[in-house]
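Per this note's numbering, residue 25 is the first one in the sequence shown, and the count goes up by one each step.
Cβ atoms here follow ideal geometry from the backbone N, Cα and C, with glycine treated the same way.
To start, the structure itself, in structure tokens.
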Amino acid sequence: MVWQRITTWEPPTRLAFEMESTDLGFHRFVDTLADVFELEAGDAGTRITRTTTVTVGGHAAAVLYPALWVGLKSVHRFVFRNWERMASRPQETAA
């Protein structure tokens, strides 16, 4: 699990948060893990831009950083595909 703290909340355009702690194995190597979501309304829908900042420390940083980057990219793709799938479903109305 990853515990995060919201650092910026500017509805409806911006949300940022930073990892405070985690029980996952990478916690020994990651100094900073922060995300910013920016939402921009458009004619065809809402554009979501996610920016992730990772700082890897320690002697093995050069080796670990590429693996962490690939892992995070995989998680991001999964999340965005899930959001896209949910957004394409018909809206349910309350009874």
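The beta carbon of residue 25 sits closer than 6 Å to the beta carbons of 47 from its chain, once the five residues preceding and following it are set aside; these are given in chain order. Membership of residue 104 in the alpha helix (DSSP H) is indicated by the continuous run 85-112. Comparing alpha-carbon positions, the option among 73, 95, 56 and 57 lying closest to residue 63 turns out to be 73. Secondary structure of residue 41 (DSSP, three-state): strand.
As DSSP reads the structure, residue 61 sits in a beta bridge with 39 and 74.
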